[in-house]
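Numbering (this note's numbering), first residue to last: -17 to 52.
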């Protein structure tokens, strides 16, 4: 019947989700626990460059709050 395909679909869905989820966790591990930021537009690139400059360690993913900016 139609329900016989459910285990195969579950296995296939699991196998297709593994690369995407593992990429997210690898980026978090490499970037100090933060998601990877993607600059698709020039404004987003400008914000990433600003964060890199403000961080003091030349990394955009090490953020400072407004209270820590000189």
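Cβ coordinates follow ideal geometry from the N, Cα and C atoms, glycine included.
- Task: In angstroms with no decimal places, state the Cα-to-Cα distance between residue 11 and residue 26.
- Result: 23 Å
- Message: Distance check for residue -3 and residue -15, CA to CA, integer angstroms please.
- Response: 20 Å
- Task: Drop a sphere of 10 angstroms on the beta-carbon of residue 43, count the other beta-carbons inside from all chains shown, and report buried for 16 or more, exposed for fewer.
- Result: buried
- Message: Given this structure, state the Cα-to-Cα distance separating residue 20 from residue -9, to the nearest angstrom.
- Response: 32 Å
- Message: Tell me the DSSP secondary structure of residue -8 in three-state form.
- Response: helix
- Message: I'd like the span of the alpha helix (DSSP H) that includes residue 37, first residue to last.
- Response: 24 to 37
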